[in-house]
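Engineer: Take the sequence shown: its position 87, counting from 1, is numbered 87 in the UniProt record's numbering, and each next residue is one higher.
Let me begin by handing over the structure; questions about it come next.
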Amino acid sequence: MERRKQFWTEQRKREYIREAEDNLFIVAGPGTGKTTLLSKRILNQIMGGERLSHFLLLAFTDEAVAEFKQKIKKHLYREIAINKEMSHRLKRKVYGIDSMHITTFRDFCLYVIHVKEHFQKAWKREQYIGEVEKNACLQEIRKAVQKSTELKSTESEYSFMPLEEQCYRILKENPKLLQILRRDFTKIYADELQDLNQTQLDILLLLSTDKKGKMRHNCLFMVGDPRQTIYQEEEAERQVFFQMKRRMEKKRNVKVLYLNENYRSNAELVEWINRHFRKRMPAYHDMKACQRPEFLQNSPLHGVFRYPSEKDSLSALQDLMGKLLKSYPDLRDRDFLILSNDKEKEADYKEVLKPFGFSEASLDHMVLDAHAAKGLNSNIVILMETGGNSCAEARSKYTSLEYVAVTRAKHALIFLEGKGEEQWFCDSLYNMKELKEIPFPEP
């Protein structure tokens with residue numbers, strides 16, 4: 001447990017996460033490199049002889065699934081380049097990564113439902129054959145389901161239930177099937193734990209415990225950050241993460257660790273974020289700024305700024321982008337994230353930016369509803385519809401979403417204050433009027 005490891009340095013924790021043969025519950029703040037850590041731990045287990053087919057990685061979005069695959073491949077290729085003795089074996093592993101069970105929770109639940117259907121049909125057909133033949137039959141079931149390129153919901157006795165509840169009931173009521181899945185998945189990874197609901201966490205525990213309910217050895221890796229809970233709105237739902245953490249702290253073969261070194265954002269941003277969210281979030285852990293000094297040269301703009309305007313947000317954004325590109329001509333599409341709290345305005349924001357030569361593909365990556373920004377980052381983050389006090393009544397409604405939004409920035413945060421459209425980042429909560437304005441160079 002973390003309280004017994006106060007003497008551990010951050011580096012010691014990271015080494016432990018990569019190498020330890022324990023179940024792990026990691027509370028990782030933004031910019032701590034959790035995806036990289038997770039990928040390196042998986043690489044260590046692969047190099048230790050673990051089969052790719054034994055891994056189950058559960059991510060929150062399809063984008064996160066793609067990122068996991070990319071990161072694991074990246075670290076495998078790096079290891080191939082430096083480890084000549086194992087390079088031939090590792091090259092074979094690279095080709096198998098796309099077939100690993102790296103999936104969203106929704107798709108995993110569909111997978112279980114389809115396995116159950118194949119399992120029932122095959123078991124009835126083969127109920128009188130010997131054990132060897134049954135095992136061969138189960139292999140056929142796995143292959144049949146894994147070859148499905150698109151899993152869809154099907155009618156069953158559980159169809160009236162939500163998808164996760166269907167999956168949980170199937171696992172609880174089919175112990176033979178559960179044992180098969182436990183044998184199949186000996187290494188289970190779950191990301192964005194703070195946004196999983198109770199049923200999803202119950203599924204994780206079913207898979208990662210044995211018949212007696214004890215945690216299996218070195219089976220489960222969980223990572224999340226309660227400060228970034230943006231999909232659980234009810235307080236009871238938001239407490240699920242902490243309840244899971246307390247359960248894990250009581251387990252002998254589970255370690256709970258905190259990571260708070262932020263390698264993404266510069267010191268000025270980290271200080272501003274800590275100062276404002278320390279008083280707005282219970283049990284807030286300050287981030288430590290660890291961005292490497294040489295990264296500062298990647299952006300011409302550094303700090304937290306406001307851009308006041310008497311125009312509507314569309315015109316204000318167009319003016320701001322024009323000034324930024326004129327003042328800093330080396331800026332490119334990849335340098336920007338433009339985040340809004342109003343998804344319906346995405347298309348309009350993209351439209352006013354087209355005259356600057358950004359492609360549609362670039363705009364799709366640049367302009368986002370803040371909910372879709374988790375896992376992303378950029379040198380400059382522009383936050384739309386900010387300022388004013390019309391949203392002050394909802395003091396806590398947007399806190400986690402605002403935290404996610406500001407922690408996307410590497411070098412500069414710009415709060416765009418359009419006319420009469422304030423929805424989040426209220427003056428009274430963030431002292432917007434005290435922020436400096438952007439120091440555009442003299443013409």
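All C-beta atoms in this analysis are idealised placements derived from N, C-alpha and C, irrespective of residue type, glycine included.
Remember, it's a predicted structure, so these values are computed and weren't measured experimentally.
Any idea which residues DSSP pairs Gly303 with across the strands?
Structural biologist: Bridge partners of Gly303: Ala412.
Engineer: So within the segment 171–195, which uninterrupted alpha helix (DSSP H) runs reach at least 4 residues, ignoring any that extend past its ends?
Structural biologist: You should have 175–184.
Engineer: With H, G and I counted as helix, E and B as strand and the rest as coil, what does DSSP make of Thr399?
Structural biologist: In the structure shown, Thr399 sits in a helix (DSSP, three-state: H, G or I).
Engineer: DSSP three-state call for Asn262: helix, strand or coil?
Structural biologist: Here Asn262 sits in strand by DSSP.
Engineer: Could you tell me the distance, in whole angstroms, from the CA atom of Gly418 to the CA atom of Pro226?
Structural biologist: Roughly 31 Å between the two C-alpha positions.
Engineer: Run through DSSP, which three-state label would Gly33 get?
Structural biologist: In the structure shown, Gly33 sits in coil (DSSP, three-state: anything other than H, G, I, E or B).
Engineer: Grab me the residues of His54's own chain with a C-beta within less than 6 Å of its C-beta, minus the 5 sequence neighbours each way, in chain order.
Structural biologist: Contacts found: Thr186 and Lys187.
Engineer: Could you tell me how far apart the beta carbons of Leu337 and Arg264 are, in whole angstroms, since I believe they sit closer than 8 Å?
Structural biologist: Actually they do not touch by this definition, with Cβ atoms about 12 Å apart.
Engineer: Quick one: give me the first and last residue of the alpha helix (DSSP H) that Met244 is part of.
Structural biologist: Note, Met244: alpha helix (DSSP H), Val240 to Glu249.
Engineer: I'd like to confirm the pairing. Which residues does DSSP put opposite Asn274 in its beta bridges?
Structural biologist: Partner(s): none; Asn274 has no beta bridge.
Engineer: I'd like to check one pair, Val256 with Met244: are the Cβ atoms closer than 8 Å?
Structural biologist: No, Cβ-Cβ distance for Met244 and Val256 is not below 8 Å.
Engineer: When you compare the segment 285–295 with the segment 41–55, are there three or more beta-carbon pairs, one atom per stretch, that lie closer than 8 Å?
Structural biologist: In short, these stretches do not touch, since the Cβ pair count stays below three.
Engineer: So for Leu368, helix, strand or coil by DSSP?
Structural biologist: Of the three classes helix, strand and coil, the one that applies to Leu368 here is strand, per DSSP.
Engineer: Using only alpha-carbon positions, find the residue among Leu24, Asp22 and Leu37 that is nearest to Arg14.
Structural biologist: That would be Leu37, whose Cα lies nearest to the Cα of Arg14.
Engineer: Using 8 Å as the threshold, is the C-beta distance between Ser299 and Ile380 below it?
Structural biologist: Yes; because the gap between Cβ atoms is below 8 Å, this pair is in contact.
Engineer: Given a cut-off of 8 Å, decide if Glu165 and Glu10 are closer than it, judged by their beta-carbon atoms.
Structural biologist: Contact: no.
Engineer: To test your reading of the DSSP string, which unbroken beta strand (DSSP E) runs of 3 or more residues are found completely within the segment 7–89?
Structural biologist: DSSP runs (the beta strand (DSSP E)) wholly in the segment 7–89: 23–28 and 55–59.
Engineer: What residues in its chain sit with their C-beta under 8 Å from that of Ile170, if we drop five residues either side in the sequence?
Structural biologist: Cβ neighbours of Ile170 beyond the five flanking positions: Val112, Ile113, Lys116, Tyr158 and Leu177.
Engineer: Answer with buried or exposed for Gln423, where buried requires no fewer than 16 other C-beta atoms within 10 angstroms of its C-beta.
Structural biologist: Counting Cβ neighbours within 10 Å, Gln423 comes out buried, since at least 16 surround it.
Engineer: Taking the beta strand (DSSP E) that Leu383 belongs to, which residues open and close that run?
Structural biologist: Here the beta strand (DSSP E) through Leu383 covers Ser378 to Leu383.
Engineer: Can you check which of these residues, Leu301, Val223 and Asp330, is closest to Lys436 by C-alpha distance?
Structural biologist: The candidate whose alpha carbon is nearest that of Lys436 is Leu301.
Engineer: Do Lys93 and Leu76 come within 8 Å of each other at the CB atom, strictly closer than that value?
Structural biologist: In contact: Leu76 and Lys93 (Cβ atoms closer than 8 Å).
Engineer: Go to Leu207, then tell me how far its alpha helix (DSSP H) extends in each direction, as first and last residue.
Structural biologist: Note, Leu207: alpha helix (DSSP H), Gln198 to Ser208.
Engineer: Please state whether DSSP places Arg4 in a helix, a strand or coil.
Structural biologist: With a pLDDT of only 48 at Arg4, under the threshold of 50, the placement of this residue in the model should not be trusted, and no figure is reported.
Engineer: Residues in its own chain within less than 6 Å of Ser362 by CB, not counting five upstream and five downstream?
Structural biologist: The answer, listed in chain order, is Asp333.
Engineer: Tell me, which residues are paired with Met222 by DSSP?
Structural biologist: Per DSSP, Phe25 and Ala190.
Engineer: Over the uninterrupted alpha helix (DSSP H) stretch that includes Leu314, give me the two end residues.
Structural biologist: Looking at the DSSP string, the run of the alpha helix (DSSP H) that includes Leu314 is Ser313 to Ser327.
Engineer: Would Leu383 pass as a contact of Phe415 if the rule is Cβ separation under 8 Å?
Structural biologist: Contact flag set, yes.
Engineer: Work out the CA separation of Glu344 and Thr229 for me, nearest whole Å.
Structural biologist: So the two alpha carbons sit approximately 22 Å from each other.
Engineer: Are Tyr168 and Thr199 close, meaning C-beta to C-beta below 8 Å?
Structural biologist: Yes, the pair counts as a contact, with Cβ atoms nearer than the cut-off.
Engineer: Determine the DSSP secondary structure at His114, reduced to helix, strand or coil.
Structural biologist: DSSP places His114 in helix when its eight states are reduced to three.
Engineer: Apart from the five residues on each side of it in sequence, which residues of its chain come closer than 6 Å, Cβ to Cβ, to Thr399?
Structural biologist: Contacts found: Arg280.
Engineer: Say whether the segment 204–221 touches the segment 66–76, bearing in mind that this needs 3 or more beta-carbon pairs closer than 8 Å, one atom from each stretch.
Structural biologist: The segment 204–221, when compared against the segment 66–76, does not touch it at the 8 Å Cβ threshold.
Engineer: DSSP beta-bridge partners for His101?
Structural biologist: DSSP lists Leu56 as partners of His101.
Engineer: Taking 8 Å as the cut-off, decide whether the C-beta atoms of Glu63 and Gly375 are in contact.
Structural biologist: Result yes, Cβ atoms of Glu63 and Gly375 sit closer than 8 Å.
Engineer: Cα-Cα, which of Phe60, Asn431 and Glu234 is closest to Phe108?
Structural biologist: Nearest option by C-alpha distance: Phe60.
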